[in-house]
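Written out below as structure tokens is the structure these notes cover.
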Amino acid sequence: MPVITSVINLKGGVGKTTLTIALAHYLAVEHGQRVLVVDLDPQTNATIALINERRWRERDQRGQSLYQLFKDWLDGSREFEINQAIVQRTSNVMGGIPGLDLLPSSIRLHKLQDKITKASDLDEFRDGSVYTLRNVLGPVIGQYDHVLIDCPPNLGIITLNGIAMSRYFLIPVVPDILSTLGVPLVLDRMADFALRARHEIYGLGIVVSRYRPQSRLHKQTVMDMRRDVIPGIHPPVFETIIHEASEVAEAADVDVEVANLRQKFGGAGPHRQFSALAREYLHQVMS
Ligand SMILES: Nc1ncnc2c1ncn2[C@@H]1O[C@H](COP(=O)(O)OP(=O)(O)O)[C@@H](O)[C@H]1O
Ligand SMILES: [Mg+2]
């Protein structure tokens, strides 16, 4: 079975999608891992970053996105086909990376969210609404070493589908006060869900992202976070810190072919950081 990790924070703009995409790239290319990225966010940022908007639209129209999966759950239909929905060899690095696959999201998921919530048993999940994703991935999951789930900044029923199949979660944070305030909330909600769904999930770590070394606030906040870690309660703060760099933001462009990861993620600094992040991630999930 693969290692399944949800990348989550209830705050937007903290680097969840960027981190998911980068980690997936480095695991696949530098470690030869077979990786599936599941994009649960209706903003479809991870999807667009891996296959571009045109390809996503075609697939979404054909029912090859998560929209169809959750629509089936609501309607009792069975249109969604997992093998057709998964896109293989995604990314603009080296003409597509073998072992970097994507299960695309859809902006139309927005529309479904409320309807699914109304139709679900949110107390104990006896109707299986949180296991829709896990069930459909069942036949193919064994083909992967890692599944990385990019979550939207909420804990609605669609996000819970990701959490319910994850062994781990990873919390990206920007080290300022407002962003770090959200961490205890995520931990609390994870613990609550674990209890209700009787599902064990572990906080693998907090990853500092968009770090600005010249900011005193950022420096101080990282120090505070490392100091406040309570073993067994707080997940550790990863050693690796991802700095704010304009090249990282540009790495989301999937339309221009690039030769390697260094070129994609923008020069020496970001490349070194993401490479270190993947090593640290592997070390954490193996230990
Ligand atoms: N390390 C970074 N350096 C510069 N910009 C970044 C970095 N990480 C993310 N960004 C940019 O910040 C914005 C939010 O990042 P994103 O990964 O989409 O966050 P989230 O998924 O948490 O909403 C995006 O425009 C992204 O390109
Ligand atoms: Mg995102």
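Residue 287 is where the sequence shown ends in the numbering used here, and the numbering goes up by one at each step. The beta-carbon is built from N, C-alpha and C at its ideal position, and this holds for glycine as well.
Query	Result
Compute every distance between the C-beta of HIS243 and the non-hydrogen atoms of ligand 1, then say whether any falls below 7 Å.	yes
At which residues does the beta strand (DSSP E) containing THR240 begin and terminate?	THR240 -> no beta strand (DSSP E), and no H or E assigned at all.
If you check the beta carbons only, do VAL222 and ASN52 fall under 8 Å apart?	no
Taking 7 Å as the line, does the beta carbon of THR18 fall inside it for any heavy atom of ligand 1?	yes
Using a threshold of 8 Å, state whether the C-beta atoms of VAL186 and ILE171 are closer than that.	yes
If distances are taken between C-alpha atoms only, which option among LEU74, ARG34, SER65 comes closest to ILE48?	SER65
Quick one: any contact between the stretch 256-264 and the stretch 222-236, if contact means 3 or more CB pairs under 8 Å?	no
State yes or no: is the C-beta of ASN52 nearer than 7 Å to some heavy atom of ligand 1?	no
What residue from PRO235, ARG89, GLY267 has the CA that sits closest to ALA249's CA?	GLY267
Does the beta carbon of GLN113 fall short of 7 Å from some heavy atom of ligand 2?	no
If you compare alpha carbons, which of ARG126, TRP73, VAL285 is closest to ALA197?	ARG126
What residue from ASP41, VAL29, GLU30 has the CA that sits closest to GLY162's CA?	ASP41
With DSSP as the reference, label SER166 as helix, strand or coil.	coil
Short check: CB of LEU204 to CB of THR17, under 8 Å?	no
Would you check if the stretch 133-149 and the stretch 206-215 touch, i.e. whether three or more CB-CB distances between them fall below 8 Å?	no
According to DSSP, ILE149 sits in a beta bridge with which residue or residues?	SER6, VAL38
So, for THR44: in the same chain, excluding its five sequence neighbours on each side, which residues have a beta-carbon less than 8 Å away from its beta-carbon?	TRP56, PRO104, SER105, SER106, ILE107
In three-state DSSP terms, what is ASP255?	coil
Can you round the beta-carbon distance between SER129 and ASP121 to whole angstroms, since I take them to be within the 8 Å contact cut?	7 Å
Between which two residues does the beta strand (DSSP E) containing LEU122 stretch?	No beta strand (DSSP E) contains LEU122, which DSSP labels as neither H nor E.
Beta strand (DSSP E) containing VAL208: first to last residue?	202-208
Which first and last residues belong to the alpha helix (DSSP H) in which LEU66 is found?	66-75
Looking at the unbroken beta strand (DSSP E) that takes in ASP101, where does it start and where does it end?	100-103
Hey, is ASP41 close to ligand 2, as in C-beta under 7 Å from one of its heavy atoms?	yes
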